[in-house]
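Notes follow the structure.
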Amino acid sequence: MKIKKVYVDVLTALAKGTDAGIYRLNPKRVEIVSCEQDVKRVLAECEKTGKSVTFKAGGTSLSGQTITDSVLMEISPDYGKVKISGDGSLAKFPCGITGEEANRWLKPYGRKLGPSPASIKSARIGGIVANNSSGSSYGIIHNSYNTVRDMEIIFADGAFLDTSSLASRRDFMQTHIGLLEKLMNFRLEILLNPDMEDRILSKYELKNTCGYGMNSFLDYTDPYDILMHLMVGSEGTLGFISSVTFETVPDEALKASALIYFPSLMEACRAIAPLRQCKVSAAELMDRNALHAVEDEPGMPEILHSLPEDAVALLIDTSSNSEEELQIQFRDIEERLADIQTLYPVSFTTDPKLYATYWRVRNGLFTSAAGRRPRGTVSIIEDIAFREEVLGEALEQVRGVLSDYGYGNAVMWGHLLDGNVHFTIFPDINAQEGIDHYASFMRSLVDVVLYYDGSLKAEHGTGRNMAPFVKDEWGEEIYELMWKIKRLFDPENILNPGVLLNRDPDVFIKNLKQIPLANELIDKCIECGFCEIQCPSRHVTLTPRQRIVIYRELSALAEQGETNSKRYKELKNAFNYKGNATCATDGLCATACPVGINTGLLIKELRWEENGTLANAIASGIAGNMGVVTGMLRPLLKLPHVLSKLVGYNAFERFASFLFKASARKFPLWTRHTPSGASKFKELTGVENGMEMVYFPSCITRTMGTSADYEDVDFVSVTEQTIVLLTRAGFTIRYPENLSKLCCGMAFSSKGFRKQAAQKAEELNEALLRASDNGRLPILCDMSPCLLHMRETLDKRLRLYEPVEFIYDFMRDRLNFTKLPVMVAVHSTCSTTKMGVQDKLVELAGLCANRVVSPAQVTCCGWAGDRGFFYPELNASGLHYLKPNLHGATEGYSNSRTCEIGLTMNSGISYKSIVYLVEKATR
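Take this note's numbering: the last position of the sequence shown gets the number 923, and nothing is skipped along the way.
Below, the structure is given as structure tokens:
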């Protein structure tokens with residue numbers, strides 16, 4: 001699908017103008033750029049008109065560096081191409097892909113990116129480099145600055161430089177010789193000033209992202225290398241980073257971690273020196289408040305509940321490609337920590353699931369802690385660093401400042417081996433008193449950090465948050481040299497002005513976000529944006545974060561009595577489509593949200609509030625007459641296919657498209673992939689005296705049969721194929737009574753019809769309890785989304801399975817599999833993912849086919865029940881990455897009949913239930 005490029009409306013300005021920080025500015029215009037020509041066009045216009053421009057990628061920045069009240073340039077995820085060297089040691093990535101996607105590209109080579117920020121699933125390459133991210137990896141050797149090999153840059157005047165190209169360097173020298181010469185003069189100025197040189201060398205013994213990367217002038221002698229490394233950490237104030245070539249680092253196959261508990265922070269700090277002598281890739285500090293914030297997370301050790309209140313923990317990470325070497329590393333770590341007091345013996349885990357759990361919880365620590373904050377407060381994260389010899393004492397002083405200002409419950413964690421510590425505070429900045437209190441705290445914190453000659457910003461970027469204090473950290477001379485650098489690259493001051501350098505001493509408390517109490521379902525949201533990668537509507541309308549932003553603004557305006565204002569009406573009207581109608585309500589956003597916010601529940605609540613008397617009456621009529629309704633729909637669904645065979649599918653699709661558009665979406669969009677009506681369901685019972693089970697064919701599969709792309713399976717419906725497979729596996733099949741009347745209620749729930757959804761769930765619950773002997777027998781439902789809804793709403797005694805898990809758990813040993821000479825694609829539906837069945841789906845397909853591909857870039861398909869019939873653009877957005885990532889697959893399989901419609905429409909191959917693949921492979 002084509003992504004729109006320019007927005008000027010109030011809703012998009014507010015939605016896209018938001019990032020993870022505590023500041024709010026509304027851009028006048030949003031430009032979506034997908035190529036270098038787009039960037040040059042926008043920069044040329046801004047230079048001509050004097051308008052400033054700010055670059056934004058993932059919007060996970062925390063210090064206010066990606067917001068503006070002028071032009072916002074947002075990087076399209078389709079920007080640029082990936083290029084990887086033969087051994088994977090060098091990798092060129094465009095600015096718009098996430099760090100996690102980059103690592104997926106590198107995984108087959110046994111490599112990964114050096115920088116590993118906690119936001120790596122959402123943060124994009126452009127932002128990772130522009131903020132000089134490092135993350136949990138020990139030391140600065142693997143941060144962005146030290147792993148960048150080359151860069152493609154577009155400057156404020158539109159000039160382009162590819163540092164890997166000698167021709168590009170020559171061209172740039174001809175047009176920008178003055179800039180290169182001045183960079184060398186700045187270097188000479190530093191070398192001729194021993195105090196300045198010593199200060200720079202001293203500051204970069206620690207992690208430091210406060211101000212520009214002045215170490216560039218001492219680490220490099222070539223002006224292009226100096227220029228490129230100045231771009232790292234420049235936060236969009238010197239130029240646009242179009243692509244980056246990284247020197248990648250090994251991603252060793254065997255990984256292990258250990259949670260080590262210490263009686264105090266000071267004792268944990270004693271572990272720094274011995275751990276630095278071990279092969280340890282990370283040592284993540286978590287104080288007692290941090291442990292409290294995550295102690296109830298699934299998979300975390302029960303022991304966290306009983307630790308002393310002064311206890312802290314270190315999450316140690318080590319890895320190897322050899323089991324023998326890994327065991328040696330374990331012993332080495334244990335021996336070197338022998339003289340350090342720990343509360344429990346050191347114990348490593350190599351279990352992939354527990355390892356992943358530890359790091360998932362660690363990476364979500366900030367947002368998990370933020371989710372526990374009082375409603376109406378903001379979450380502010382600070383990022384400081386100290387030398388090893390003063391770390392314990394300095395942190396005690398920081399703790400004292402936090403306590404003095406009433407932030408004693410602040411959560412503290414960080415990268416211990418680097419002396420880099422983060423902490424969160426939750427001030428109420430909805431009133432001036434709270435703002436003044438926060439400002440006083442920040443000035444006291446700066447005093448403590450600078451007293452110990454620490455870094456005010458170690459890895460999160462300066463932004464607006466620390467811009468007023470750059471001079472305090474660096475001193476007058478170096479600070480003024482930074483301003484000279486800014487003027488050299490951006491003489492008209494159009495690139496992200498006010499960020500990183502700012503002479504306004506109060507800029508850090510201006511344009512602060514107001515967080516109104518809007519709805520308990522979403523009040524915990526800190527607008528971090530981690531949810532966005534899961535959202536199917538992210539390429540067409542809004543993401544979960546953006547829905548929350550708009551909903552909060554509407555709530556605030558309503559609270560102020562401004563429901564008749566132009567702004568409220570414009571936002572409300574636009575939100576009806578962009579926020580409500582195109583939300584799939586699949587809840588997959590909650591799986592990426594560290595505090596589990598399901599924005600879909602908010603939208604369902606809005607739909608419930610908007611459902612009037614007539615709509616409820618119609619819903620009740622359908623719920624009370626499900627058998628009649630499905631009986632009527634079956635022949636209606638057959639009719640378009642009958643007509644298409646007479647006039648041709650192409651002609652009838654054009655006619656159906658006309659009806660869809662002319663009716664303003666009242667008439668559903670029909671295509672040849674829309675199912676025909678199913679035959680009336682026959683309750684065949686399988687084999688006699690076999691293993692008993694209960695089969696509940698959903699109302700969808702009882703109604704919808706095959707479509708035009710089912711020629712290869714002789715147009716056999718999924719219910720018929722399921723019975724064939726169950727019989728082959730030796731099952732005796734039971735059915736719930738009054739099957740034609742039954743429905744799980746999900747279709748009603750997604751539209752906000754709560755009463756009718758509860759009615760159908762109750763009916764089904766009673767029928768399944770009787771059929772399964774109160775849960776004794778396993779129950780199969782052939783639609784994964786329906787099955788998840790059943791698990792969420794029905795009696796917990798019921799043993800409920802969707803097709804993948806039922807076949808995997810109960811049928812594998814009863815069937816004889818023969819791998820077919822074919823490459824297949826599988827799609828994990830939202831429900832499959834939420835139930836944790838996606839690995840079983842891939843493994844099951846692998847029993848049936850020679851090759852299996854599961855496009856990792858595709859999450860929710862966006863069909864959303866029947867929403868794909870009325871909002872096909874939502875489906876196209878959800879499957880934006882599907883077709884390019886099929887890699888030659890000729891068949892597709894999933895476990896939801898409705899999702900399979902959209903998958904087929906947007907892939908060019910036919911998607912069917914996984915039941916069909918298993919049936920073919922077990923004949």
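Virtual Cβ for every residue (Gly too), placed ideally from N, Cα, C.
Report the start-end ranges of each alpha helix (DSSP H) in the stretch 591-673 that is 4 residues or longer and not cut off at the edges.
Those alpha helix (DSSP H) runs which fall completely within the stretch 591-673 and span 4+ residues are 599-610, 613-624, 626-647, 649-662.
What's the C-alpha gap between Ala678 and Leu841?
In a straight line, the C-alpha of Ala678 is about 26 Å away from that of Leu841.
Report the three-state DSSP secondary structure of Thr924 (helix, strand or coil).
Residue 924 lies beyond the range of the chain shown here (1 to 923); nothing can be said about it.
Count the other CB atoms within 10 Å of the CB of Tyr79; is the residue buried (16 or more) or exposed (fewer)?
Buried is the call here.
Leu794 to Ala761, Cα distance in whole Å?
Using only the alpha carbons, I get a separation of about 7 Å.
Using a Cβ-Cβ cut-off of 6 Å (strictly less than) and excluding sequence neighbours within five positions of Thr701, which residues of its own chain qualify?
Closer than 6 Å at Cβ, skipping near neighbours: Val718, Thr719, Asp782, Arg897.
Output the distance between the C-alpha atoms of Thr49 and Ile494, rounded to the nearest integer angstrom.
Whole-angstrom Cα-Cα distance: 10 Å.
Closest to Thr685 by C-alpha separation, out of Gly561, Thr732, Thr12, would be which residue?
The candidate whose alpha carbon is nearest that of Thr685 is Thr732.
Rounded to whole angstroms, what's the CA-CA distance from Val852 to Leu886? Just pull it up for me.
If I take the Cα positions, the gap works out to 10 Å.
Could you pull the start and end residues of the beta strand (DSSP E) that Pro778 belongs to?
Where Pro778 is concerned, the enclosing beta strand (DSSP E) stretches over 778-781.
Give the DSSP bridge partners of Val853, in chain order.
Ala825.
Count the other C-beta atoms from every protein chain shown that fall within 10 angstroms of the C-beta of Arg375, then say buried if there are 16 or more, exposed otherwise.
So Arg375 ends up on the exposed side.
Are Ser537 and Gly627 touching if we call contact CB-CB under 8 Å?
Contact: no.
Spatial neighbours of Ala44 within its chain, please: C-beta separation below 7 Å, excluding the five flanking residues on both sides.
So the list reads Gly158, once near-sequence residues are dropped.
How about the stretch 505-520 and the stretch 75-89: do they share at least three Cβ pairs that are nearer than 8 Å?
No, they do not touch.
Can you tell me where the beta strand (DSSP E) with Trp413 in it begins and where it stops?
411-415 is the span of the beta strand (DSSP E), which, as asked, contains Trp413.
Give the straight-line distance between the Cα atoms of Pro117 and Ala356, rounded to the nearest whole angstrom.
About 15 Å.
In the DSSP assignment, find the unbroken beta strand (DSSP E) run with Met286 in it and report its ends.
Taken as a continuous stretch (DSSP letters only), the beta strand (DSSP E) holding Met286 covers 282-286.
Under the three-state reduction of DSSP, which class applies to Val244: helix, strand or coil?
In this structure, Val244 counts as strand in the three-state DSSP scheme.
From Arg373 to Ser379, what does the alpha carbon distance come to, in whole angstroms?
About 8 Å.
Using 8 Å as the cut-off, can you tell me whether the stretch 52-61 makes contact with the stretch 126-136, which would need three or more C-beta pairs spanning the two stretches below that distance?
Cβ pair count under 8 Å is three or more, so yes.
Ends of the alpha helix (DSSP H) at Arg487?
That run of the alpha helix (DSSP H) goes 476-489.
Closest to Asn502 by C-alpha separation, out of Glu792, Glu919, Met482, would be which residue?
The shortest C-alpha separation from Asn502 is found at Met482.
Who are Glu692's beta bridge partners in DSSP?
According to DSSP, which records beta bridges pairwise, Glu692 is partnered with Thr732.
Given a cut-off of 8 Å, decide if Arg362 and Glu284 are closer than it, judged by their beta-carbon atoms.
In contact: Glu284 and Arg362 (Cβ atoms closer than 8 Å).
Helix, strand or coil for Ile425 per DSSP?
Of the three classes helix, strand and coil, the one that applies to Ile425 here is strand, per DSSP.
Which residues mark the beginning and the end of the alpha helix (DSSP H) in which Ser907 is found?
Looking at the DSSP string, the run of the alpha helix (DSSP H) that includes Ser907 is 897-907.
Does Arg812 come out as helix, strand or coil in the three-state DSSP assignment?
It is helical.
Going by DSSP in three states, Leu183 sits in which element: helix, strand or coil?
Looking at Leu183 - three-state DSSP - the assignment turns out to be helix.
Measure from the alpha carbon of Arg464 to the alpha carbon of each residue in Arg24, Leu391, Val39, then state which is nearest.
Comparing Cα positions, the closest option is Arg24.
Tell me the residue span of the alpha helix (DSSP H) that contains Met790.
That run of the alpha helix (DSSP H) goes 784-793.
What does the alpha-carbon distance come out to for the pair Ala615 and Arg867?
Rounded to whole angstroms, Ala615 to Arg867 spans 17 Å at the Cα level.
Give a yes or no on whether the C-beta atoms belonging to Leu820 and Lys920 are separated by under 8 Å.
Closer than 8 Å, so yes.
Starting from Ile384 and walking both ways along the beta strand (DSSP E), at which residues does that stretch end?
Looking at the DSSP string, the run of the beta strand (DSSP E) that includes Ile384 is 380-385.
Can you name, in chain order, every residue of its own chain whose Cβ lies under 7 Å from the Cβ of Asn103, other than the five neighbours on each side?
Excluding positions up to five away in sequence, the list reads Lys112, Leu113.
Put Glu570 into one of helix, strand or coil per three-state DSSP.
If DSSP states are grouped into helix, strand and coil, Glu570 belongs with the helices.
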